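The working numbering numbers the first residue of the sequence shown as 33 and each following residue consecutively.
Here is the structure we will look at.
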Amino acid sequence: MITYAIYFTFACFGAAVMMCLWRIITAEGVGTRVLALDTMVINTIALMILYGLALGTEIFFEAAMIIAMLGFVSTVAYARFMLRGNIIE
Numbered sequence: 033m034i035t036y037a038i039y040f041t042f043a044c045f046g047a048a049v050m051m052c053l054w055r056i057i058t059a060e061g062v063g064t065r066v067l068a069l070d071t072m073v074i075n076t077i078a079l080m081i082l083y084g085l086a087l088g089t090e091i092f093f094e095a096a097m098i099i100a101m102l103g104f105v106s107t108v109a110y111a112r113f114m115l116r117g118n119i120i121e
């Protein structure tokens with residue numbers, strides 16, 4: 033039963049990643065694209081964790097943590113760039 037639940041969640045998060053990609057392509061404002069990209073990073077992290085659960089290995093959890101840190105830093109840097117025009121003062 034858990035196998036079918038993992039397959040179902042793979043499909044749901046895969047569809048969510050595709051919807052975020054569509055939003056990145058068709059968005060009018062830069063802020064909407066940043067939010068869609070951040071949501072896409074979160075969905076990708078969820079997919080990596082699910083893949084680790086499906087395989088029964090812990091390496092994907094560590095990779096998900098690294099991607100989560102990079103996603104947070106990149107979102108903050110891009111938001112700062114949009115507000116101030118520079119990242120490093």
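Cβ atoms here follow ideal geometry from the backbone N, Cα and C, with glycine treated the same way.
Keep in mind that this is a model prediction, so the values were computed, not measured.
Query	Result
C-beta atoms of F40 and A78 nearer than 8 Å	no
Cβ distance (whole Å) where I120 is taken to contact F113 below 8 Å	Going by Cβ atoms, the distance from I120 to F113 rounds to 10 Å, so no, they are not a contact pair.
Limits of the unbroken alpha helix (DSSP H) element including I99	91 to 116
Burial state of M101, where buried means 16 or more other Cβ atoms lie within 10 Å	exposed
Coarse secondary structure for G88, derived from DSSP in three states	coil
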